[in-house]
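Trainee: Sharing a structure here in structure tokens format.
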Amino acid sequence: GCLVRAADARLSQLRGRVVGTGRGERIAQPRWPGLARLRFLSQGHMTTNGRISPATRWHRMPDPEALVRAVTQRIIELAHTAIATHAGFRIVLAGGSTPQAVYRELVDASTDWSRWQIYFGDERCLPVDDPERNSVMATHSWLGQVPIPVSNIHPIRAELGPEAAASRYASVIAEARPF
């Protein structure tokens with residue numbers, strides 16, 4: 620299979636901006652059942668080499684549902700702050716099934732969706748309507764259920780193949796910078 624990562628489109632500096640490890644790590648299950656890894660960067664405390672600064676905090680969550688609620692709440696807080704201070708909010712979405720519960724929770728958020736800009740951290744090289752694509756999952760779980768303008772959603776054109784998709788997405792990101 621083929622996977623286009625936003626890093627291929629020079630997005631590695633964005634990974635971990637809102638939630639994540641900043642190093643592209645994936646953790647299927649926490650090592651200890653009651654401990655979830657949740658990292659927030661309140662003001663973009665990412666170093667130039669893509670590592671997260673000491674601003675990283677660990678939060679103990681009693682269960683996956685509490686983690687989903689906390690992540691959703693933090694995203695909304697960051698969005699409100701960014702909209703108030705910068706007139707807009709940009710977020711890079713994670714792919715796969717792990718963030719899907721958060722996306723479902725975001726449907727009920729009270730926010731100015733017209734100020735959100737949505738980018739993707741990676742995408743599978745499949746037809747544009749394939750249910751295995753991250754953009755399809757995000758649309759079904761969240762984006763298609765809120766009044767966010769389609770022009771504010773910036774999917775990776777992975778159906779074009781990895782090189783062409785990364786090249787095109789690099790220009791999308793170049794126009795959106797700085798993040």
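The opening residue of the sequence shown carries number 620 in the working numbering; numbering runs sequentially from there. C-beta atoms are modelled at their ideal positions from N, C-alpha and C, and glycine is treated no differently.
Here's the rule: buried if 16 or more other CB atoms are within 10 angstroms of the residue's CB, otherwise exposed. What is residue 630?
Mentor: Note that residue 630 scores 39 on pLDDT, short of 50, meaning its location in the model is unreliable; the coordinates nonetheless yield the value given after this. Buried is the call here.
Trainee: Should residue 714 be labelled buried (16 or more other beta-carbon atoms within 10 Å of its own) or exposed?
Mentor: Buried.
Trainee: Could you tell me how far apart the beta carbons of residue 760 and residue 719 are, in whole angstroms, since I believe they sit closer than 8 Å?
Mentor: So it is a contact: roughly 5 Å between Cβ atoms.
Trainee: Within its chain, find whatever has a CB closer than 7 Å to the CB of residue 746; leave out the 5 residues flanking it on each side and keep chain order.
Mentor: The answer, listed in chain order, is 778.
Trainee: Run through the DSSP bridge pairs and tell me what residue 773 is partnered with.
Mentor: According to DSSP, which records beta bridges pairwise, residue 773 is partnered with 738.
Trainee: In whole angstroms, what separates the C-alpha of residue 798 from that of residue 767?
Mentor: Near 19 Å, if we compare the C-alpha coordinates of residue 767 and residue 798.
Trainee: Report buried or exposed for residue 735, applying the criterion of at least 16 other Cβ atoms within 10 angstroms of its Cβ.
Mentor: Buried, by the Cβ-count rule.
Trainee: Where does the unbroken beta strand (DSSP E) through residue 695 begin, and where does it stop?
Mentor: Unbroken run through residue 695 is the alpha helix (DSSP H), 683-705; no beta strand (DSSP E).
Trainee: Residue 676 by DSSP, collapsed to three states: which one?
Mentor: Coil, per DSSP.
Trainee: Can you give the Cα-Cα distance for residue 784 and residue 742, rounded to whole angstroms?
Mentor: Roughly 9 Å between the two C-alpha positions.
Trainee: By the three-class DSSP mapping on this structure, what secondary structure does residue 787 have?
Mentor: In the structure shown, residue 787 sits in a helix (DSSP, three-state: H, G or I).
Trainee: May I have the straight-line CA-CA distance separating residue 756 from residue 750, to the nearest angstrom?
Mentor: Approximately 7 Å between the Cα atoms of the pair.
Trainee: State the beta-bridge partners of residue 712 as determined by DSSP.
Mentor: Per DSSP, 739.
Trainee: Going by CA-CA distance only, name the one from 733, 764, 689 and 776 that's closest to residue 752.
Mentor: Closest by alpha carbon: 776.
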